[in-house]
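Going by my numbering, the first residue of the sequence shown is number 7, and it counts up by one from there.
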Amino acid sequence: ARCAAAALVATAPARRGAGRPHDPWTAAAALAPELAEEAAYFAVAGGRRVAVEAGRARVSVREADDLLRAAEGFVDLVAARLGLPVHHDGSTRLAPIRSA
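Given below as structure tokens:
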């Protein structure tokens, strides 16, 4: 999902004299207000990821599944906004990169 947000930000025309937010979620929400709710969700999830990696929090299987589904949906929304084909064959496209 973070890469999708970065792709969205990268396609936006540069504005002179105005710096873009460095956080891809803030920038994505500013560029595509219809994605603001999803961007806020992933911004919180990113903060939670840091806590999990540091051993200060745990994530249930249900929470991980919900996050994965949300990420796939967000990728589809960004793809559609960018005019790219949206993948819908029923298979899971994203997978965890490491297990707990």
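Glycine included, C-beta positions come from ideal geometry on N, C-alpha and C.
Item: Short Cβ contact (8 angstroms threshold) for arginine 51 with leucine 73; Value: The sequence as given places alanine at residue 51; arginine does not occur at that position. Going by C-beta atoms, alanine 51 is nearer than 8 angstroms to leucine 73.
Item: Counted within 10 angstroms of its Cβ, other Cβ atoms place proline 19 as buried (16 or more) or exposed; Value: exposed
Item: Where the alpha helix (DSSP H) containing leucine 74 begins and where it ends; Value: 67-87
Item: Collapsed DSSP secondary structure at proline 19 in the structure displayed; Value: coil
Item: Test item: CB-CB of leucine 88 and leucine 14 under 8 angstroms; Value: yes
Item: Nearest to arginine 8 (by Cα), restricted to the options Ala77, Ala85 and Val92; Value: Ala77
Item: Buried or exposed by the 16-neighbour rule on C-beta atoms within 10 Å, applied to proline 30; Value: buried
Item: Glutamate 44 classed as buried or exposed, judged by whether at least 16 other C-beta atoms fall within 10 angstroms; Value: buried
Item: Three-way DSSP call (helix, strand, coil) for arginine 54 in this model; Value: helix
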